[in-house]
Amino acid sequence: MDLRTDGIQKQFHIYVLIPCLNEELVIQTTLRSILKNNYKNLVVTVIDDASDDRSLEKISEINDSRLNVLRRIKPNAQKGKGTALNWAYYQISEQIQAKGIAPEEVLIAIIDADTKLETDYFEKVNRAFNYDDKLTGLQSKVRVANLLKDSSQDLEFSEIINATQMFRTLTNTVAFGGNGQFCKLSTLQALNEEPWTDSLVEDFDLSTRLFLSDIEVKNAQYDDIYIEQTGIINDNEALVKQRVRWAQGNIQSSKYIVPTIRSKNLVWKQKFEILMTLFKPWLMGIEYIIVIYTMIMIINSAILTGITQSLKIVVILFIVMFIYIIIVNFVWALLYNRGKNNEKMKAWDVLKDTANLTKFLLILTQIYPQSAIRFFNSKNDWVKTNRQEESIDKNLNEDKK
40 MDLRTDGIQK
50 QFHIYVLIPC
60 LNEELVIQTT
70 LRSILKNNYK
80 NLVVTVIDDA
90 SDDRSLEKIS
100 EINDSRLNVL
110 RRIKPNAQKG
120 KGTALNWAYY
130 QISEQIQAKG
140 IAPEEVLIAI
150 IDADTKLETD
160 YFEKVNRAFN
170 YDDKLTGLQS
180 KVRVANLLKD
190 SSQDLEFSEI
200 INATQMFRTL
210 TNTVAFGGNG
220 QFCKLSTLQA
230 LNEEPWTDSL
240 VEDFDLSTRL
250 FLSDIEVKNA
260 QYDDIYIEQT
270 GIINDNEALV
280 KQRVRWAQGN
290 IQSSKYIVPT
300 IRSKNLVWKQ
310 KFEILMTLFK
320 PWLMGIEYII
330 VIYTMIMIIN
340 SAILTGITQS
350 LKIVVILFIV
360 MFIYIIIVNF
370 VWALLYNRGK
380 NNEKMKAWDV
390 LKDTANLTKF
400 LLILTQIYPQ
410 SAIRFFNSKN
420 DWVKTNRQEE
430 SIDKNLNEDK
440 K
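So the sequence shown is numbered by this note's numbering: it starts at 40 and just counts up by one.
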């Protein structure tokens, strides 16, 4: 779909919700980026969750009639992102009803506090919903601002996760993935329950419940509609902590396995894709057990009987598996570098990105064991990961795609 040439029949009312808890380093840059859009029917609401830094001060320095702040006060504040979103959602819904705007003409957007947008971002979103009147939700493609030589996080989002979403387009199971998600207000209201739960992946949880409901749902993701957010730089501990939280949220979503199997609203290909996602944590667990058991057997066999023919075969299989992983990562790096705008592909960049992606994925191998331990110990509380000043680029490349 060419979002630049398709005609517009109507202009949706877009209500942007920005959860904010101690975001003084990024919130002002994000708001200025959003408000550079000249989209007419735009309302931006920051949900301040009892910040104790200079976030409110930074927000107050911006004078724009489209911007307003909803403040949560302790002890009712800081109860989780889902709770904050629901609280703001009901207030926004009342405002929309008071204005007499039809719910089917309203898009509720969730944008993170560390985001950079194109100046025609909301125009593209509006065109997407005009292009397909059956569209109920849209997930933006996510890019990660790359301030260092290691672009692994950007590669992960722009290629690997994007490929997953493109496959989901074929099965009509495109999931919400946090930053840059849009959903028609009429669709959220049709749930007849709070849209967001206390799940650690409240975005995926919402889209899953929508697909399992009786509502006619169609989500989409387009390469031309993207946002750019900050990454985690030179802090493997913070990176692992973030991904363990996401992985634990995926494990929490296992409660939808049986409803998905029993669903009479989903066709077989939708069930297949959703179940593959829901089973992933458990398949990863089996993989870990096999690898660990095999390594123990190799070491034990080497000590007791020496290097046997069977042991050589097992070792060779492990080497072949590692080479396969390198080749797959090389392909991702190739696709990533091929997609760079106005830049000639360099062999060194491809090799460097292959090595960095391999290292990045090796670091993340620990997330599922950690998340499983937390899940089975019922540890669902999380302390917010602080923004890194060195990860923030106030002049993010607006031409990045």
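Glycine included, C-beta positions come from ideal geometry on N, C-alpha and C.
A distance below 7 Å between beta-carbons, with the five flanking residues on each side excluded, links residue 392 to the following residues of its chain, in chain order: 190, 194, 372, 375 and 376. A Cβ-Cβ separation of about 14 Å leaves residue 158 out of contact with residue 69 under the 8 Å criterion. Per DSSP, the continuous alpha helix (DSSP H) segment holding residue 310 begins and ends at 307 to 344.
Annotated three-state conformation of residue 208 is helix, per DSSP.
Within 10 angstroms of the beta-carbon of residue 57 lie 16 or more other beta-carbons, which makes it buried. Between residue 217 and residue 242, the C-beta gap is smaller than 7 Å, which places the two residues in contact. Comparing alpha-carbon positions, the option among 128, 402 and 75 lying closest to residue 102 turns out to be 75.
In the structure shown, residue 143 adopts helical secondary structure according to DSSP, grouped into three states.
Residue 178 sits in a strand when the DSSP states are folded into three classes.
Per DSSP, residue 108 is one residue of the beta strand (DSSP E) stretching across 106 to 110. Judged by their CB atoms, residue 227 and residue 235 are not nearer to each other than the 7 Å cut-off. With the rule of 3 Cβ pairs closer than 8 Å, the segment 50 to 66 counts as touching the segment 122 to 136. The beta carbon of residue 219 lies closer than 7 Å to those of 150, 178, 179, 181 and 266 in the same chain, with the five residues before and after it left out. Beyond the five residues adjoining it in sequence on each side, residue 284 comes within less than 7 Å, by CB distance, of 239 and 421 in the same chain, given in chain order. Residue range 220 to 223 is occupied by the beta strand (DSSP E) that includes residue 220. A distance of 7 Å or more separates the beta carbons of residue 296 and residue 169. Between residue 356 and residue 302, the C-beta spacing is not below 7 Å. DSSP places residue 297 in the uninterrupted alpha helix (DSSP H) bounded by 296 to 301.
Under the DSSP definition of a beta bridge, residue 54 partners with 82 and 147. Under the DSSP definition of a beta bridge, residue 183 partners with 268.
Between the alpha carbons of residue 350 and residue 366 lies a gap of roughly 24 Å. Contact between residue 271 and residue 281 holds: their C-beta atoms lie close to 7 Å from each other, under 8 Å.
In the three-state reduction of the DSSP assignment, residue 87 falls in the strand class, which pools E and B. The Cβ-Cβ distance between residue 87 and residue 65 does not fall below 7 Å.
In the DSSP assignment, residue 290 falls within the alpha helix (DSSP H) that extends over 275 to 291. For residue 154, the beta-bridge partners assigned by DSSP are 268.
Under the three-state reduction of DSSP output, residue 259 falls in the strand class. About 5 Å separates the CB atoms of residue 406 and residue 286; that is less than 8 Å, so the two are in contact. Membership of residue 163 in the alpha helix (DSSP H) is indicated by the continuous run 160 to 170.
Judged by beta-carbon spacing, residue 79 lies beyond the 7 Å limit of residue 174, meaning their Cβ atoms are not closer than that value.
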